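S.K.:
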Amino acid sequence: MSLRLALAASALLAVATPVFAQQAPVAPPAPPAAPAAPAPTPEQTALMTRMQAAGEALEAAMEELEPQAEEIRDDAALSDADKETRIRALIAGHQPVIDEFTTSLQAVIMMRAAADGTSPEEAAQGAAMIAGMVSGQIAQSLITGEDPDGETGAGE
2 MSLRLALAAS ALLAVATPVF AQQAPVAPPA PPAAPAAPAP TPEQTALMTR
52 MQAAGEALEA AMEELEPQAE EIRDDAALSD ADKETRIRAL IAGHQPVIDE
102 FTTSLQAVIM MRAAADGTSP EEAAQGAAMI AGMVSGQIAQ SLITGEDPDG
152 ETGAGE
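Take the sequence shown: its position 116, counting from 1, is numbered 117 in this note's numbering, and each next residue is one higher.
What follows is the structure, given as structure tokens:
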């Protein structure tokens with residue numbers, strides 16, 4: 002799995018989640034000159050810094066996991082079920098890193114949803130959906146050796 006692809010997809014989903022979570026009303030015409038976007042708050046800056054650090058930690062974990070998972074997938078002595086069990090055990094050993102990435106991604110989603118006026122319930126649903134998607138993509142990539150978009154050669 003290309004970690005950059007997974008991170009890009011996660012970031013895209015973080016930005017797009019409010020759009021999926023609500024029906025956008027018809028917007029009035031934009032004013033002729035929009036004011037400059039406000040500077041990020043210290044909370045937003047801290048959250049984005051946390052997200053970046055979590056992404057870097059996840060990238061390091063994936064660089065370690067990918068060759069180990071490939072070795073397990075290539076072991077002809079193991080059944081498919083045994084391979085999956087062993088790879089899931091590898092993933093479990095790195096679960097705190099995955100959880101930190103997911104938690105920081107969810108916090109970004111919640112922050113952006115609040116800024117867009119999304120209800121807390123809808124934002125929470127979107128954040129929960131993203132968490133499952135991230136975990137699912139990581140597991141799929143390591144177990145099958147395919148990128149989420151179906152390309153093979155996850156460790157390459």
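For glycine and all other residues, C-beta sits at the position ideal for the given N, C-alpha and C.
Just so you know, these numbers come straight off a predicted model, no measurement behind them.
Taking Cβ positions, are Glu-85 and Ile-144 nearer each other than 8 Å?
M.R.: yes
S.K.: Just mark Ala-115 as buried or exposed, buried being the case when its beta carbon has 16 or more other beta carbons within 10 Å.
M.R.: exposed
S.K.: Counting beta carbon pairs with one atom in the segment 86-99 and one in the segment 57-75, are three or more of them shorter than 8 Å?
M.R.: yes
S.K.: With a threshold of 16 other CB atoms inside 10 Å of the CB of Ala-22, please say whether the residue is buried or exposed.
M.R.: Below a pLDDT of 50, predicted positions are generally treated as unreliable, and Ala-22, at 48, falls in that range; no measurement from the model is reported.
S.K.: In terms of residue numbering, what span does the alpha helix (DSSP H) encompassing Gly-146 cover?
M.R.: Careful: Gly-146 lies outside any alpha helix (DSSP H) and carries neither H nor E.
S.K.: Enumerated in chain order, which unbroken segments of the alpha helix (DSSP H) with a length of 4 residues or greater are wholly contained in the segment 70-120?
M.R.: List check, alpha helix (DSSP H) in window: 81-94, 96-116.
S.K.: Taking 8 Å as the threshold (C-beta atoms), are Met-112 and Gln-45 in contact?
M.R.: yes
S.K.: Could you give the DSSP three-state label for Pro-68: helix, strand or coil?
M.R.: helix
S.K.: Given a threshold of 16 other Cβ atoms within 10 Å of its Cβ, counted over all protein chains shown, does Gly-146 qualify as buried or as exposed?
M.R.: buried
S.K.: Which same chain residues, not among the five before or five after Glu-72, have their C-beta less than 8 Å away from its C-beta?
M.R.: Answer for Glu-72: no residue qualifies.
S.K.: Can the beta-carbon of Ala-140 be found less than 8 Å from the beta-carbon of Arg-89?
M.R.: yes
S.K.: Excluding sequence positions up to five away, which residues of its chain have a Cβ less than 7 Å from the Cβ of Ala-70?
M.R.: Ile-88, Leu-91, Leu-143
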